[in-house]
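Residue numbers (our numbering), protein chains in the order written: chain G, 12 to 236; chain L, 12 to 236.
Working notes for the structure below.
2 protein chains.
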Amino acid sequence: MDQTDDLRIDHAPLTLRALAVDRLRSAIIAGRFQGGDRLVERTLCDQLGVSRSVVREAIRYLEAEGLVETAPRAGPIVARLDWDQARQVYAIRRLLEADAAAACARVASPAVKADVASALAGIEAAFATPDNRDLYAATTAFYRVIFTSAGHHIAWEIVQRLNGRISRLRALTLGTTDRKLSGPAHMARIAAAIGANDPEAAATAVRAHLDEAAEIARLLLEGQG
Amino acid sequence: MDQTDDLRIDHAPLTLRALAVDRLRSAIIAGRFQGGDRLVERTLCDQLGVSRSVVREAIRYLEAEGLVETAPRAGPIVARLDWDQARQVYAIRRLLEADAAAACARVASPAVKADVASALAGIEAAFATPDNRDLYAATTAFYRVIFTSAGHHIAWEIVQRLNGRISRLRALTLGTTDRKLSGPAHMARIAAAIGANDPEAAATAVRAHLDEAAEIARLLLEGQG
DNA sequence: GGGAAAATCTTGGTATACCATCATACGACA
DNA sequence: TGTCGTATGATGGTATACCAAGATTTTCCC
Chain G
12 MDQTDDLRID HAPLTLRALA VDRLRSAIIA GRFQGGDRLV ERTLCDQLGV
62 SRSVVREAIR YLEAEGLVET APRAGPIVAR LDWDQARQVY AIRRLLEADA
112 AAACARVASP AVKADVASAL AGIEAAFATP DNRDLYAATT AFYRVIFTSA
162 GHHIAWEIVQ RLNGRISRLR ALTLGTTDRK LSGPAHMARI AAAIGANDPE
212 AAATAVRAHL DEAAEIARLL LEGQG
Chain L
12 MDQTDDLRID HAPLTLRALA VDRLRSAIIA GRFQGGDRLV ERTLCDQLGV
62 SRSVVREAIR YLEAEGLVET APRAGPIVAR LDWDQARQVY AIRRLLEADA
112 AAACARVASP AVKADVASAL AGIEAAFATP DNRDLYAATT AFYRVIFTSA
162 GHHIAWEIVQ RLNGRISRLR ALTLGTTDRK LSGPAHMARI AAAIGANDPE
212 AAATAVRAHL DEAAEIARLL LEGQG
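What follows is the structure, encoded as structure tokens:
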């Protein structure tokens, strides 16, 4: 925090493209577009107020992210999600998040523990609000602390991308189990394990949390067909 | 395999964009572009013989893949790779590949075992050729069998993407250790564990292989600075 | 009412133009 | 001579127009 930082003009490098990607991703994650919905370029141009170039490049980006699928000649659609995919996503998250939590617990300094505690408090605060998005954001922030403090930046990228794919599902599971029952308790166990520098306990707590979330997701998805 | 399949003309949905992405990705993986090299749009238009739109969309795709970085105002460059990133990549591969090998060993049918054995033979054959690319391709095919037969399609996507990031590194490690010493032996151990339906042994063999590859990579990268 | 032909929509692709920014080079002035 | 300012070119970001081909919808005729 020296003065050079303060003087630096943080000229936002916001390209229209980056904004469009964010808007579209948010819209998909928020469920504004359903899986299978067509993303008609010129319609999006109107809705976003930008040109086709911008929309097309944004779609390419989301395509590589796995949020959008481009059928051979039919144009882009919002990626569909079935239980088999969701199962794989939860399995991968289980590996990566357990590993990150263990690594975080292994190296956690007092400062990191304070960040984790603060993020946990954020979850508990969001738990009291009626809006699921607050809980969603708070949970994301909690895991971000864990991943980044463990130095697992690439794994965090991957997890975020995976969460994008199952975002609607995640919003649903957050709205049921996590909110009502064991979610905050699991988070507290994770935070406690990190506070105690107990990697094995942290990993176990993460696995328990994800196994439960996956089970809820399975019930939701298989119920819908 | 009914006749409709045989009659179907598999009209490749090859868009120019897809071709451009493949070309660029291959060029980067093959080392034709070094990390940090600028990707000047109009130059690529000439080299690929396509218009700027196609080039730009291809770059967006590769950007989301992590092979290309777009600096705020400097335009796209080939992503750089340092040991910290490579370390993370090997750690993630270790988790995903060990899990996939274990899952594959758990469920492997005689047909899967035959595929694995065949892929192993491919590695040993490529081992005898002077071109590293053959070994690269054969190794990729080996792991593809493992991942897809375990149903870990999303994990395979992730691993492929990660491998893209460390591709030059991977080519180097394949060219040293894997070729000369333990590489094929490790692969044989993995295949044997799958053949014996022994998940734990398969996972252990994968971890041993990757730990060695990561160590070679570390020496290479830290040596270069 | 069903099916074929036509109209329309949409995407993939190209070319072009315009602007802002950045770097470079060149020239003028102290 | 050295420094500053400006002209210029390269480049990325954005917008627009256009065309071909495939997909979809509509229409119209039997």
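Glycine included, C-beta positions come from ideal geometry on N, C-alpha and C.
Quick caveat, the model's predicted, so the values are computed rather than measured.
The contact set of Ala-75 of chain L on chain G, defined by CB atoms closer than 7 Å, consists of Tyr-72, Ala-75, Glu-76 in chain order. Uninterrupted beta strand (DSSP E) stretches at least 3 residues long and entirely within the region 123-197 of chain L do not occur. Of L:Gly-175, L:Val-118, L:Arg-117, L:Leu-55, the smallest CA-CA separation from Tyr-101 of chain L is found for L:Gly-175.
Taking a C-beta cut-off of 8 Å against chain L, the contacting residues of the region 87-121 of chain G are Asp-95, Gln-96, Gln-99, Val-100, Ala-102, Ile-103, Leu-106, Leu-107, Asp-110, listed in chain order. Between the region 69-86 of chain G and the region 205-223 of chain G, the count of C-beta pairs closer than 8 Å stays below three; the two stretches do not touch.
In this structure Glu-52 of chain G is not in contact with Leu-221 of chain G, their Cβ atoms being roughly 37 Å apart against a cut-off of 8 Å. Distance between Trp-167 of chain G and Ala-166 of chain L, taken at the CA atoms: about 15 Å. Within the model, the alpha-carbon separation for Val-66 of chain L versus Asp-33 of chain L is close to 12 Å.
According to DSSP, residue pairing for Val-79 of chain L in a beta bridge involves L:Val-89. Membership of Ala-29 of chain L in the alpha helix (DSSP H) is indicated by the continuous run 27-40. Excluding five sequence positions before and after Cys-115 of chain L, the CB atoms of its chain that fall closer than 6 Å to its own CB belong to Ile-157, Ser-160, Ala-161, Ile-205, given in chain order.
Residue-level contact check: Ser-62 of chain L does not touch chain G, since none of the beta carbons of chain G fall below 8 Å from its beta carbon. Of the other Cβ atoms in all chains shown, fewer than 16 fall within 10 Å of the Cβ of Pro-83 of chain L; this residue is therefore exposed. For Arg-67 of chain L, the neighbours in chain G by C-beta distance under 9 Å run, in chain order, Ser-64, Arg-67, Glu-68, Arg-71. Only His-163, His-164, Ile-165, Ala-166, Ile-169 from the region 159-175 of chain G bring a Cβ to less than 7 Å from some Cβ of chain L.
Per the coordinates, the alpha-carbon of Phe-153 of chain L lies some 9 Å from the alpha-carbon of Ala-202 of chain L.
Around the beta-carbon of Ala-137 of chain L, 16 or more other beta-carbon atoms lie within 10 Å, marking it buried. Inter-residue distance for His-163 of chain L and Thr-184 of chain L is about 25 Å (C-alpha atoms, whole angstroms). DSSP places Arg-200 of chain G within a helical segment (H, G or I) once states are collapsed to three. Under the three-state reduction of DSSP, Arg-84 of chain G is assigned to coil, being neither helix nor strand. The residue among L:Leu-30, L:Leu-231, L:Ala-113, L:Thr-215 with its C-alpha nearest the C-alpha of Val-61 of chain L is L:Leu-30. Arg-43 of chain L sits in coil when the DSSP states are folded into three classes, being neither helix nor strand. By the neighbour-count definition (other C-beta atoms within 10 Å, threshold 16), Gln-45 of chain L is an exposed residue. In the DSSP annotation of this structure, the continuous segment of the alpha helix (DSSP H) that includes Ala-116 of chain L starts and ends at 94-118. Taking each of G:Ala-216, G:Tyr-147, G:Ala-122 in turn and checking the Cα distance to Ser-37 of chain G, the smallest one comes out for G:Tyr-147.
The Cβ-Cβ distance between Gly-86 of chain G and Arg-49 of chain G falls below 8 Å. Closest by C-alpha distance to Ala-90 of chain L, out of L:Ala-130, L:Glu-74, L:Thr-150, L:Arg-98, is L:Glu-74.
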